[in-house]
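> Listed in order, the protein sequences are those of chains A and B. Just so you know, the first sequence maps onto residues 26 to 252 in our numbering. Just so you know, the second sequence maps onto residues 26 to 252 in our numbering. This is the structure I have questions about; it appears just below.
Number of protein chains: 2
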Amino acid sequence: MTRQEATRTQRIPLNRDRVLRAAVALADSTGIDALSMRRLAQELDVVPMALYKHVANKEELLDGMADAVVGEIDPPAAGPDWQRVVRGRILSARQVLLRHPWAVRVIESRTGPTPAVLAYLDSMAGTFRDGGLSADLTHHVMHAMGSRLLGFSQELFDTSGPSGPPDPGLAARHPNIAELAATAAHDGGSTVGGGCDDQFEFEFALDLLLDGFENLRRQGWTSARKA
Amino acid sequence: MTRQEATRTQRIPLNRDRVLRAAVALADSTGIDALSMRRLAQELDVVPMALYKHVANKEELLDGMADAVVGEIDPPAAGPDWQRVVRGRILSARQVLLRHPWAVRVIESRTGPTPAVLAYLDSMAGTFRDGGLSADLTHHVMHAMGSRLLGFSQELFDTSGPSGPPDPGLAARHPNIAELAATAAHDGGSTVGGGCDDQFEFEFALDLLLDGFENLRRQGWTSARKA
DNA sequence: TTGACGAGTGTACGCCGTACACCTACGATC
DNA sequence: GATCGTAGGTGTACGGCGTACACTCGTCAA
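Right, dumping it as structure tokens:
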């Protein structure tokens, strides 16, 4: 059956939402690098240019994908303890990003905040404010969290993926790293980044920051940099 | 003078170093997106394929560029106060990355740590260890710092570049963000990210983390996650 | 009946990275 | 000095990319 015939019989018309969903699914299954307009069109059984009736260009497609992912993050739980609310939501965001590993790079590469990100940040700021942090402190706190707000910790390199054979000279050249790797090898990981419990590392830093924020709040911290 | 004639007269032969330096310069001046093998070859007055005698492919070129940039970071200062040593070096790294804004994305996109990054991390780990942090704590501390070790804070979106006209409905839709923007508008910035003192934000988070680490060290903190 | 319009099509252009075969100048070897 | 291996630069070509632009065609309002 050619595309023409399919048109005549039954054909769900394309729309922006179907395009975005297909794009997310394709990125999930084949990786973001394999996501091209042509490949996506093929997936939707449509000619590449058809996509451009629904998204202005590839950048806007990526914007939409980022928003779709951010939209998956749980709404904030209710509760009197702002640290718990923030913590829970950020860990939810982290789960979302673990489901869509490509999304980290896509979100980072947006030049401006997309609507869903903006809404998320606004909501998160509200949680801090409701928790008793001043607007001033909230502002700096959100900066300090950076991308951690969205659940990714920005490691220096990708620890997943196949790591080559361990470099025998590495320990000699980098004794400190070797030592750290040794302490981290609690379950057999042997490479630099391997054998780490990413979830533990993420929560370690998160809690350190949240506790630091709470301390500043209690002290009535205020930035002293006004002109 | 054609390329041929230039060859006959005087022609500095290409080598890996010249290629990398030219690539860094080109990225500095025209941005990383405009850096293509073809464009780089043109800059060196050479045919594109000539580059492949000196770098295996574009990825390896980017690896080399990342290493070149990381190599610009100051060596650690001497001193008894580990917090000051770490702080100073990270702020040096930050200056380097401000000189080469494209480097953040390039470093992030490497799939594994390049030699210079590895050396830098090893040296940094040594500073923590010399400061009295246990190998265990040092490990988690380095994870907690993440890319901040290299001087970038991973903001959620790029606050440089031209921001469009301020959205009049934004304040209504996102009251909390609007409030934060208002408190931050100490020198006339009007957009969400604008008007922030990036250096202040960076040091705020950095010091918060360093102080947190020092507290853990004093308490003799140890991870309780062993099996 | 017509005619505007929205959705999908087809073709084409100029980029990109790079495989592969080639040439050419040079330094070592006999 | 003739020979030859080799390193470095060249030229051509391929497949893929994003997307501009002109088109067709089915639907529906007037």
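All C-beta atoms, glycine included, are put in the ideal place defined by N, C-alpha and C.
Could you work out which residues of chain A lie near ASP147/B, taking near to mean beta carbons separated by less than 7 Å?
Your numbering for residue 147/B matches position 122 in the second sequence. Going along chain A in sequence order, the residues near ASP147/B (Cβ under 7 Å) are HIS199, ASN201 and ILE202.
> Whose Cβ in chain A lies nearer than 7 Å to the Cβ of SER178/B?
Along the second sequence, read from residue 1 onward, the residue named residue 178/B stands at position 153. Per Cβ cutoff of 7 Å: GLY171.
> What are the start and end residues of each continuous alpha helix (DSSP H) run of 4 or more residues lying completely inside the region 134-203 of chain B, in chain order?
Segments of the alpha helix (DSSP H) lying fully in the region 134-203 of chain B: 140-155, 160-170 and 195-198.
> Report the option in VAL129/A, GLU133/A and LEU87/A whose CA atom is closest to the CA atom of ALA48/A.
Here residue 48/A is taken as the residue at index 23 of the first sequence, counted from 1. Closest option to ALA48/A, Cα to Cα, is LEU87/A.
> Determine the DSSP secondary structure at LEU69/B, reduced to helix, strand or coil.
Within the second sequence, residue 69/B is the residue found at index 44, counting from 1. The answer is coil: DSSP assigns LEU69/B none of H, G, I, E or B.
> What residues in its chain sit with their C-beta under 7 Å from that of GLY96/B, if we drop five residues either side in the sequence?
Against the second sequence, residue 96/B aligns to sequence position 71. Same-chain partners within the cutoff: ALA141.
> With 8 Å as the threshold, decide whether the Cβ of HIS125/B is near any Cβ in chain A.
By one-based count along the second sequence, residue 125/B stands at place 100. HIS125/B does not count as touching chain A.
> Between ARG28/A and chain B, is there a C-beta pair that is closer than 8 Å?
As a first step, residue 28/A is located in the first sequence; it is residue number 3 there, counting from the start. Here ARG28/A scores only 43 on pLDDT, less than 50, and its place in the model is too uncertain to base an answer on.
> What is the rounded straight-line gap between the Cα of LEU146/A and the Cα of MET167/A?
Taking the first sequence and counting its residues from 1, one reaches residue 146/A at position 121. Taking the first sequence and counting its residues from 1, one reaches residue 167/A at position 142. Going by the C-alpha atoms only, they are around 9 Å apart.
> If we ignore side chains and look at the alpha-carbon of each, how far apart do GLU133/B and ILE202/A end up?
Here the question's residue 133/B lines up with position 108 in the second sequence. Here the question's residue 202/A lines up with position 177 in the first sequence. About 20 Å.
> Take every Cβ of the region 97-108 of chain A, pair it with every Cβ of the region 51-67 of chain A, and state whether three or more of those distances are shorter than 8 Å.
Output reads no: the region 51-67 of chain A does not touch the region 97-108 of chain A.
> Is the Cβ-Cβ distance between MET149/B and VAL111/B less than 8 Å?
Within the second sequence, residue 149/B is the residue found at index 124, counting from 1. Within the second sequence, residue 111/B is the residue found at index 86, counting from 1. Yes.
> In angstroms with no decimal places, state the Cα-to-Cα distance between ARG173/B and GLY113/B.
Numbered from its first residue, the second sequence carries residue 173/B at position 148. Numbered from its first residue, the second sequence carries residue 113/B at position 88. Roughly 13 Å separates the two Cα atoms.
> Does DSSP classify LEU39/A as helix, strand or coil?
Against the first sequence, residue 39/A aligns to sequence position 14. Here LEU39/A sits in coil by DSSP.
> How many Å lie between SER159/A and PHE225/B at the Cα?
Your numbering for residue 159/A matches position 134 in the first sequence. Your numbering for residue 225/B matches position 200 in the second sequence. If you take the alpha carbons of SER159/A and PHE225/B, they lie about 17 Å apart.
> My parser needs the alpha helix (DSSP H) runs of 4 or more residues fully inside the region 219-243 of chain B; what are they?
If we require 4 residues or more, the alpha helix (DSSP H) runs fully inside the region 219-243 of chain B come out as 223-243.
> Mapping the DSSP letters down to three states, classify ASP212/A as helix, strand or coil.
Here residue 212/A refers to the residue found at position 187 when the first sequence is read from its first residue. Bear in mind that the predicted position of ASP212/A carries a pLDDT of just 43, short of 50, making it unreliable; the figure below should be weighed with that in mind. ASP212/A falls in the coil class under three-state DSSP.
> Can you name, in chain order, every residue of its own chain whose Cβ lies under 7 Å from the Cβ of ASP53/B, other than the five neighbours on each side?
Counting from 1 along the second sequence, the entry for residue 53/B is found at position 28. Contacts found: HIS125.
> Look at the alpha carbon of MET90/B and the alpha carbon of PHE177/A, and state the distance between them as a whole number of angstroms.
Translated into positions along the second sequence, residue 90/B becomes position 65. Translated into positions along the first sequence, residue 177/A becomes position 152. Each residue's Cα considered, the two are about 25 Å apart.
> Pick helix, strand or coil for GLN29/A, following the three-state DSSP scheme.
As a first step, residue 29/A must be located in the first sequence, where it is residue number 4. Interpretation of GLN29/A is limited by its pLDDT of 41, a score under 50 that renders its predicted location unreliable; the figure taken from the coordinates is listed afterwards. Three-state result, GLN29/A: helix.
> Quick check on MET74/A: buried or exposed, where buried means 16 or more other Cβ atoms within 10 Å of its Cβ?
On the first sequence, position 49 is the one that residue 74/A refers to. Exposed is the call here.
> Taking 8 Å as the CB-CB limit, is ASN40/B close to chain A?
Your numbering for residue 40/B matches position 15 in the second sequence. Chain A, which has no Cβ nearer than 8 Å to the Cβ of ASN40/B, makes this no.
> Given this structure, state the Cα-to-Cα distance separating ALA128/B from VAL94/B, to the nearest angstrom.
Within the second sequence, the letter at position 103 stands for residue 128/B. Within the second sequence, the letter at position 69 stands for residue 94/B. Cα to Cα, the separation comes out at about 7 Å.
> Closest Cβ-Cβ distance between LEU116/B and chain A: below 8 Å?
Residue mapping note: residue 116/B aligns to position 91 of the second sequence, counting from 1. For LEU116/B, the answer is no, since every Cβ of chain A falls outside 8 Å of its Cβ.
> Quick check: what's the CA-CA separation for SER215/A versus ASP92/A?
The residue labelled residue 215/A in the question sits at position 190 within the first sequence. The residue labelled residue 92/A in the question sits at position 67 within the first sequence. Legend: pLDDT at SER215/A = 42, less than 50; position of this residue unreliable, value from coordinates given subsequently. Answer to the nearest angstrom: the Cα atoms are 37 Å apart.
> Secondary structure at GLU97/B, three-state DSSP: helix, strand or coil?
Here the question's residue 97/B lines up with position 72 in the second sequence. Coil, per DSSP.
> Determine which residues of the region 73-89 of chain A have a Cβ less than 8 Å from any Cβ of chain B, and write them out in chain order.
So the list is empty, because no residue satisfies the distance condition.
> Which class does SER61/A belong to by DSSP, given the choice of helix, strand or coil?
Along the first sequence, read from residue 1 onward, the residue named residue 61/A stands at position 36. DSSP places SER61/A in coil when its eight states are reduced to three.
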